[in-house]
């Protein structure tokens, strides 16, 4: 006979194990993907993004600065500034699930950012002059990274919960929840992604052949 709460604990443990196994499989797929192929798919998606109606109508856009195993976003960031839009990038707080989206002044501003121990460029903790998106007019659009996605919009992140937590904060902002687009290599698309109740679906996933 199960004790009270045991079934829920077992289900949560099974979900964590399923996510861990899928993350391992996806990291293996991404390691097998060559640099030239990553660049090819990144260029293709940059063109898709620049022509996307949601991108064209958005003024305040948050976008991640890519790690080597993610769609490269440099060309999209350059176009954000070329189009006169406002660009915000993540600053992750270590040992927590807290993330802010801070304003980037130009594409060249990226060179002034600090490289974290996770090998991610972001504004330093002492950089207090940048506007945080939710302290101002909110966001119209967020481009989201992730390790894996399914066609229902479920997303498997890296396990920290930064984006889920940030989207909860967005929902409390007067401008409401921004439209979310995940950028993925086609190798990151899965049949099904295991999710919990608090995992937030993305509105749209862009990948080659979608």
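In this note's numbering, the protein residues as written are 30 to 239. Positions of the beta carbon are idealized from the N, C-alpha and C atoms, including for glycine.
According to DSSP, is residue i helix, strand or coil?
i: residue 112; result: coil
i: residue 236; result: coil
i: residue 166; result: coil
i: residue 78; result: helix
i: residue 62; result: coil
i: residue 142; result: coil
i: residue 192; result: helix
i: residue 96; result: coil
Express the C-alpha separation of residue j and residue i in angstroms, rounding to a whole number.
i: residue 41; j: residue 223; result: 11 angstroms
i: residue 211; j: residue 90; result: 13 angstroms
i: residue 72; j: residue 104; result: 8 angstroms
i: residue 31; j: residue 132; result: With a pLDDT of 46 at residue 31, under the threshold of 50, the modelled position of this residue cannot be trusted; read the value that follows with caution. For residue 31 and residue 132, the distance between alpha carbons rounds to 51 angstroms.
i: residue 158; j: residue 37; result: 45 angstroms
i: residue 53; j: residue 121; result: 23 angstroms
i: residue 65; j: residue 125; result: 34 angstroms
i: residue 148; j: residue 96; result: 7 angstroms
i: residue 236; j: residue 59; result: 14 angstroms
i: residue 200; j: residue 155; result: 27 angstroms
i: residue 75; j: residue 111; result: 14 angstroms
i: residue 181; j: residue 123; result: 30 angstroms
Among the options, which one has its Cα closest to the Cα of residue i?
i: residue 50; options: 125, 76, 156, 186; result: 186
i: residue 218; options: 160, 170, 111, 183; result: 183
i: residue 213; options: 233, 138, 204; result: 233
i: residue 117; options: 81, 124, 106; result: 106
i: residue 175; options: 47, 39, 56, 46; result: 56
i: residue 165; options: 137, 202, 119; result: 202
i: residue 141; options: 152, 147, 148; result: 152
i: residue 138; options: 94, 238, 43; result: 94
Our contact map puts residue i next to residue j with C-beta atoms below 8 angstroms; I'd like the distance itself, whole angstroms only.
i: residue 115; j: residue 83; result: At roughly 15 angstroms, the Cβ-Cβ gap does not stay under 8 angstroms, so residue 115 and residue 83 are not in contact.
i: residue 168; j: residue 162; result: 5 angstroms
Is residue i near the ligand ATP, judged by its Cβ being under 8 angstroms from some heavy atom?
i: residue 160; result: The model depicted lacks the ligand ATP and carries no ligand whatsoever.
(request) Give a yes or no on contact between the segment 91-103 and the segment 58-75, applying the rule of three or more CB pairs nearer than 8 angstroms. (result) yes
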